[in-house]
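Asks: There's a structure below that I have some questions on.
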Amino acid sequence: MRTTLVLLALLATTVAFWHNTGRAQPQSTHTVTFAVRQINNAAATCDSLIRKTSEPSSRHYGQHKSLSQVNAIFLNREAVRRVESWLATQGHQFETIGDYIKVTSSISNLETLLSAKFHAYRHFNIANKIFYKTDAHTVPIEIANDVEFVLNVDLPRVIPHSFTRSKSALVDADGNTTPSVINTQYGITNNTVTSATQSLFEALGQNFSPDDLSAFQQQYQLPNIPISKVTGNNDGSSCSDNPDACGEANLDVQYMLAVAQSTETHYRVIDQGSQDPFYDWIIELSQATDTAHVHSVSYGSLAPEDPKTDMQRFNTEVCKLGLRGVTIVVASGDDGVANFPARQDPSQCGFVPSFPATSPYVLAVGATMGPEAGNPEIACTSDAGGLITTGGGFSVTFNRPSYQDKAVQNYLANAPNLPDQSHFAVNGRAYPDVAALGHNYVIIDGGSQTVVSGTSASAPVFAAILTLVNDQRLLNGKTTLGFVNPALYKAPASLWTDITSGRNNCAAGQEGSQVCCDEGFTATTGWDPLTGLGSPKFEQLNAYLGKL
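Per mature numbering (1 follows the signal peptide of the UniProt record, and there is no 0), the sequence shown runs over residues -16 to -1, 1 to 532.
Here it is as structure tokens:
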């Protein structure tokens, strides 16, 4: 009997940098993921609950929930069972993780299952990996009401937010950022952690080298502490042969452990062949019983190209993690307001937000520069020699959350050189929230010193700062920070170094050769879409958050 099908999605993905090799081989194996429909009003319910536990004035502040409690509220068990039952009757093998069901089968079977035609793609910079994409797919009507969307049917759009400078430029007039520079700038006098935990997200074939980490720690006289737990495949031996495959991961690992020393640090790498790295990651975290307290993400995608339903669902998953006392820290991007397509093409100028930095439940971190050369801290911009330009702007998907309403309205009312408000989503979630140094970080990569710049340096540093705060809270018998944004926006201005210089209208690139656009925001007093509230004064921040 012919099964009736319901159309779920028509995909219009930009395929620049991808080569369509033709129809996928029928016998090839692929995995797709069914996102089972959430309970009614899941997003609103989570938002209501997290306001109670994250608002400093709430009597429920810090009263986080366990995984089982979160599942009892949100897990759509009946819908999951119906989808599982139908898949079983059709003979499909599957794995269920919370509200997500992964089906691994041949391309031939998946094409029948989804009434789709998969094509095989290769990326110019990812060797020996084939990605599968279909322009349209469907699901049988028997489970259509229980499936919100299907993952792993499109090409990945994620990039790491780092820009690497050559090894020969290690010592230059710009100065370099090292662990001691970070400690001095932010007033950190004790880097030791005993109870709090932290984690790093990596993808796109990035690996970290344990040998490079050890050499870095030895060079800067740091405790020789390895990564505590690796989830996924990490090939540290590849770094000596191909340092470019390790630069992002080595940066993240070395500086997260430099700021929060002796910390139990997890390294969670998503397979290079993943077509939805953020979702594969958040699905794992959603049901992990041992997830770390703070997670750092140095990657982003073009928000306008990501399906809105996907981003909204991801946002709810981050909210649910916040209910459990977990903090997600995300880099804001390295190409100003235009995002990475503008690096090589001025026609791509405009306001293009970065996801997941635009999620209202993550802490988005921008980049600064200056102190590494003994100068005042300013927004990191490529036209000032920063190699990258701190990303920031306004979400086209998520409305501005109440916790940042006052700060953002003040910016919109008083900002100098404010772009025409009809050209950007003036009522959208504004980002970044905070900032940290992001220029000329010295790392060990493939056994050699090199320097890198990017908000991908700023994010793990700020995440590690929150780990230091968490540790003090735990030692004092309190809970972890969890969703920290409302508390940070309520904090006194004296907790921040206000960054008032810079404009984020240029993409990443060498000074004089980078693409600079007409569009951009200007730094000013108070919150702005370059460096957020500013960079932290650690002792004051620690004292404030420690009292909550």
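By construction, the Cβ of each residue, glycine as well, lies at the ideal position given by its N, Cα and C atoms. In this text, all values refer to a predicted model and were calculated from it rather than measured experimentally.
Quick one: give me the first and last residue of the alpha helix (DSSP H) that Ser270 is part of.
Replies: The sequence position of residue 270 within the sequence shown is 286, counting from 1. Start and end: 261 to 270.
Asks: Taking the straight line between their C-alpha atoms, what separation do you get for Leu525 and Ala104?
Replies: In the sequence shown, residue 525 corresponds to position 541, counting from 1. In the sequence shown, residue 104 corresponds to position 120, counting from 1. Distance between the alpha carbons of Leu525 and Ala104: 50 Å.
Asks: Just reading off the alpha helix (DSSP H) that Pro470 is part of, what are its end residues?
Replies: Counting from 1 along the sequence shown, the entry for residue 470 is found at position 486. From DSSP, the alpha helix (DSSP H) with Pro470 extends over 469 to 474.
Asks: What number of angstroms, rounded off, separates the C-alpha of residue 551 from the C-alpha of Gly466?
Replies: The displayed coordinates of the chain run from -16 to 532. Any statement about residue 551 would go beyond what the structure contains.
Asks: Where does Arg413 land, buried or exposed, given buried means 16+ other C-beta within 10 angstroms?
Replies: For the purposes of this step, residue 413 is taken as the residue at position 429 of the sequence shown. Label assigned to Arg413: buried.
Asks: What residue does the beta strand (DSSP E) around Gln182 start on, and which one ends it?
Replies: The residue given as residue 182 occupies position 198 in the sequence shown. 181 to 186 is the extent of the beta strand (DSSP E) around Gln182.
Asks: Jot down the residue ranges of each uninterrupted beta strand (DSSP E) in the region 216 to 290, minimum 3 residues, whole runs only, in chain order.
Replies: Taking only runs of at least 3 residues, the beta strand (DSSP E) segments lying wholly in the region 216 to 290 are 248 to 253, 278 to 281, 283 to 286.
Asks: Output yes or no for whether 7 Å exceeds the beta carbon distance between Cys333 and His423.
Replies: Position 349 of the sequence shown holds residue 333. Position 439 of the sequence shown holds residue 423. Not a contact, by the Cβ cut-off of 7 Å.
Asks: Starting from Asn4, trace the beta strand (DSSP E) in both directions and tell me its first and last residue.
Replies: Looking up residue 4 in the sequence shown gives position 20. From DSSP, the beta strand (DSSP E) with Asn4 extends over 2 to 7.
Asks: Alpha carbon to alpha carbon, how far is Ser282 from Phe335?
Replies: As a first step, residue 282 is located in the sequence shown; it is residue number 298 there, counting from the start. As a first step, residue 335 is located in the sequence shown; it is residue number 351 there, counting from the start. Distance between the alpha carbons of Ser282 and Phe335 is about 20 Å.
Asks: Going residue by residue through the region 279 to 347, where are the continuous alpha helix (DSSP H) segments of at least 4 residues, counting only ones entirely within it?
Replies: The qualifying runs are 292 to 307.
Asks: So for Leu532, helix, strand or coil by DSSP?
Replies: The count along the sequence shown starts at 1 and reaches residue 532 at position 548. In the structure shown, Leu532 sits in coil (DSSP, three-state: anything other than H, G, I, E or B).
Asks: Please report the distance separating the alpha-carbon of Gln182 from that of Gly6.
Replies: Your numbering for residue 182 matches position 198 in the sequence shown. Your numbering for residue 6 matches position 22 in the sequence shown. Distance between the alpha carbons of Gln182 and Gly6 is about 42 Å.
Asks: Hey, out of Cys303, Pro360, Val123, Glu503, whose CA is closest to Leu340's CA?
Replies: For the purposes of this step, residue 340 is taken as residue 356 along the sequence shown, with counting starting at 1. The residue asked about is misnamed: residue 340 is Pro in this sequence, not Leu. Checking every option, the nearest Cα to that of Pro340 belongs to Cys303.
Asks: So if DSSP puts Ala409 in a beta bridge, which residue, or which two residues, is it bridged to?
Replies: Your numbering for residue 409 matches position 425 in the sequence shown. Ala409 pairs with nothing; no bridge assigned.
Asks: Can you check which of these residues, Asp264, Lys292, Ala443, is closest to Ala315 by C-alpha distance?
Replies: Position 331 of the sequence shown, counted from the start, is the residue given in the question as residue 315. Ranking Asp264, Lys292, Ala443 by Cα distance to Ala315 puts Ala443 first.
Asks: Expressed to the nearest angstrom, what Euclidean distance is found between the alpha-carbon atoms of Ala448 and Gln202?
Replies: Counting from 1 along the sequence shown, the entry for residue 448 is found at position 464. Counting from 1 along the sequence shown, the entry for residue 202 is found at position 218. Distance between the alpha carbons of Ala448 and Gln202: 19 Å.
Asks: Let me check understanding here. Comparing Cα to Cα, which of Leu71, Ile114, Ile81, His107 lies closest to Asn93?
Replies: As a first step, residue 93 is located in the sequence shown; it is residue number 109 there, counting from the start. Of the candidates Leu71, Ile114, Ile81, His107, the one whose C-alpha sits nearest the C-alpha of Asn93 is Leu71.
Asks: Here's a check: name, in chain order, each residue in its chain whose Cβ is nearer than 7 Å to the Cβ of Val214, leaving out the five neighbours to either side.
Replies: Residue 214 sits at position 230 when you count from the first residue of the sequence shown. Closer than 7 Å at the Cβ level, and outside the excluded window around Val214, lie Tyr251.
Asks: So what's Thr451 in DSSP terms, helix, strand or just coil?
Replies: Looking up residue 451 in the sequence shown gives position 467. Of the three classes helix, strand and coil, the one that applies to Thr451 here is helix, per DSSP.
Asks: CB Gly516 to CB Gly350, shorter than 7 Å?
Replies: Your numbering for residue 516 matches position 532 in the sequence shown. Your numbering for residue 350 matches position 366 in the sequence shown. Yes, the Cβ-Cβ distance between Gly516 and Gly350 is below 7 Å.
Asks: Do the region 24 to 38 and the region 125 to 141 meet, that is, are 3 or more Cβ pairs less than 8 Å apart?
Replies: Judged by Cβ distances under 8 Å, the region 24 to 38 makes no contact with the region 125 to 141, as fewer than three pairs qualify.
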